[in-house]
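Numbering (the UniProt record's numbering), first residue to last: 1 to 57.
Shown next, in C-alpha cells, is the structure this report addresses.
Written out as C-alpha cells, the structure is:
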C-alpha cells in the first residue's frame, strides 16, 4: 500500500503538459511522420527505378 501512495505522491509532483501543448506536439509528430514516410516512398521508388535500369543493361 505504501508503494501505491508513493506513486500517487510522485504523480502529483509532476507537471503535465496543457491540452494545447499536447495538441501541438501531436500535430508536429504527424507532420514529421508524413514527411518521413513520403521521403522513404520516393527514395524506394527512385532506387527501384535505378536498379531496374541497371538490370536492363
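Note that beta-carbon positions come from the ideal geometry of N, C-alpha and C, so glycine has one too.
Going along the chain, which residues of its own chain have a beta-carbon closer than 6 Å to the beta-carbon of residue 44, five neighbours each way excluded?
By one-based count along the chain shown, residue 44 stands at place 44. Answer for residue 44: no residue qualifies.
Ends of the alpha helix (DSSP H) at residue 32?
Taking the chain shown and counting its residues from 1, the one referred to as residue 32 is at position 32. Note, residue 32: alpha helix (DSSP H), 19-56.
Leaving out five residues on either side along the sequence, give the residues of the same chain with a beta carbon under 8 Å from the beta carbon of residue 38.
The residue you call residue 38 lines up with position 38 of the chain shown. Answer for residue 38: no residue qualifies.
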